[in-house]
Structures are given as C-alpha cells and as structure tokens.
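In the working numbering, the protein residues as written are 479 to 705. Everything on this sheet refers to the single structure shown next.
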C-alpha cells in the first residue's frame with residue numbers, strides 16, 4: 479500500500495528532464511494524500527507529457543468521482559481483470575515520480591510513521607494507471623499507483639509495495655503498444671534499487687500536516703538493498 483508521498487523539487491525535475499524538452503513547474507510538497515493532485519508522466523502521440531492528476535482513479539464509465547472504494551492503489555494481480563483498471567492497464571499507463579513514501583506500523587498501541595526514500599536520493603518512479611472522466615464541470619484526469627506483494631527485502635515493513643521502475647523501464651511501461659506478457663513480467667515483486675527507511679515523529683499521521691520541517695527523523699536509517 480502507498481497512501482502518502484513527499485514531492486521534493488530537485489529529484490523530480492531531474493527525472494522529468496530526461497523525458498521532456500520543457501519541464502513543468504514542480505512544487506515541493508509534503509505528506510501528499512489520496513485525492514490530492516500528483517504529477518504523472520504519460521505517453522502521447524508526439525512523445526511524453528507530464529500532467530497533474532487527481533490521486534484517486536475515477537474510471538471513465540463511473541457515475542461520478544465517488545469515494546466508495548479505495549482507488550488510490552491498484553493491485554498488480556487484478557489489473558487485467560478489474561472493471562476499473564483493465565482498460566487503463568491496456569493503454570493508459572503512467573509513472574508517478576515521488577521523493578519518498580510513508581507506511582505505518584503499530585507500536586505500543588500507536589501508529590508509528592515510517593518514511594522510505596531512495597538511498598541515492600533519486601526520485602522513486604511509481605508505476606501507475608490513469609483515466610479521464612467527463613462530468614458536468616469538465617474533464618477530470620485521475621490516476622492510481624500500482625502495488626505488488628512485498629519482496630523479502632521489505633516484507634517486514636508492509637505486505638504490499640508500490641511498484642517501482644528504473645529510468646530505463648519507464649518508456650516501456652507507459653508505451654501503449656507494450657505487450658501484456660511483458661507488462662506482467664515487469665510486475666514481478668522486486669525492489670529495483672536500494673531504499674532507506676527511518677521512523678518519523680507522529681506529526682505526519684495527520685494528513686493536514688504538510689510542513690516538511692515537521693517530518694522529524696527519530697531513528698537511524700536502515701538500508702533496504704535492491705532485490
């Protein structure tokens with residue numbers, strides 16, 4: 479599961495610069511939560527495009543942007559069969575770059591936040607899906623982040639893991655022509671590059687706490703090797 483993100487300008491801009499001739503403005507934001515906008519890279523006829531999307535997928539056939547079901551994460555195992563995800567999985571795949579993400583564990587009856595980021599400081603490249611829903615107020619573009627079962631490296635922290643790509647895999651994932659069998663291989667549970675994880679002060683448990691300065695580290699970082 480992946481339910482909160484950090485977006486720090488420098489690593490996100492560095493990633494986007496590899497695919498875009500002109501990089502859009504990237505605002506550093508902390509504790510980004512589902513239904514808030516996130517920047518996503520997708521393919522278009524002339525190359526690539528980065529656009530802000532609502533982080534909670536609304537299928538094109540939906541009656542409205544309802545929150546009845548959790549649509550901010552999509553399980554890799556059901557992408558090809560789920561009514562909500564099978565069409566986007568075929569041709570509307572994207573990459574959501576982030577600087578890090580949060581998970582929680584129970585400790586002494588309390589929720590202890592943990593923060594995961596790349597050991598080398600680069601952006602984490604989350605595999606995603608996107609869709610467009612047309613409502614009375616216009617077009618709503620939204621996305622979801624794909625998750626896989628956790629590999630051995632991260633299983634002690636959470637049973638799911640946001641699907642991460644290497645820079646070299648980005649073009650293949652978002653290419654509408656990529657074969658389903660190839661996509662299935664890419665969704666094998668793994669950690670493509672090393673992460674660090676550190677405990678944070680509980681201020682970030684509140685999704686309204688957006689101040690990056692409030693994310694105080696309260697433990698030594700642990701390195702999770704690529705697997």
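Note that CB positions come from ideal geometry on N, CA and C, so glycine has one too.
With three or more CB-CB distances shorter than 8 Å, the stretch 534-553 counts as touching the stretch 606-618. Excluding five sequence positions before and after residue 618, the CB atoms of its chain that fall closer than 8 Å to its own CB belong to 532, 536, 543, 610, 611, 612, given in chain order. Beta-carbon to beta-carbon, residue 672 and residue 702 are separated by about 6 Å, close enough to satisfy the 8 Å threshold. DSSP, read as helix, strand or coil, puts residue 689 in coil.
With 16 or more other Cβ atoms inside 10 Å of its own Cβ, residue 521 counts as buried. Assignment of residue 564 by DSSP, reduced to helix, strand and coil, places it in the helix class. With respect to residue 515, residue 481 sits apart: the two C-beta atoms are not nearer than 8 Å. Listed in chain order, the non-local C-beta contacts of residue 564 below 8 Å within the same chain comprise 557, 558, local neighbours out to five positions each way being set aside. Boundaries around residue 648 are those of the alpha helix (DSSP H), 645-652, since no beta strand (DSSP E) includes it. The beta carbon of residue 506 is closer than 6 Å to those of 486, 487 in its chain, skipping five residues each way along the sequence. Inclusion of residue 593 and residue 519 in the CB contact set at 8 Å is not warranted, their separation being larger than that value. Counting only residues of its own chain and dropping the five nearest sequence neighbours on each side, residue 598 has a CB closer than 8 Å to the CB of 671, 672. With 16 or more other Cβ atoms from the protein chains shown falling within 10 Å of its own Cβ, residue 591 counts as buried. Taking 8 Å as the upper bound for CB-CB distance, residue 624 and residue 496 are not in contact here, some 21 Å apart. In the same chain as residue 700, and ignoring 5 residues on each side of it, the C-beta atoms closer than 8 Å to its own belong to 674, 675, 676, in chain order. A straight line joining the alpha-carbon of residue 553 with that of residue 694 spans about 31 Å. DSSP, read as helix, strand or coil, puts residue 584 in strand.
Taking C-beta atoms as the reference points, residue 581 and residue 636 count as a pair closer than 8 Å. Secondary structure of residue 665 (DSSP, three-state): coil. A Cβ-Cβ distance of about 13 Å is found for the pair residue 643 and residue 607, leaving them out of contact under the 8 Å criterion. A residue is called buried when at least 16 other Cβ atoms come within 10 angstroms of its Cβ; residue 616 does not meet this threshold and is exposed. In the structure shown, the three-state DSSP call for residue 503 is coil.
With a 10 Å radius around the Cβ and a threshold of 16 neighbouring Cβ atoms, residue 493 comes out buried.
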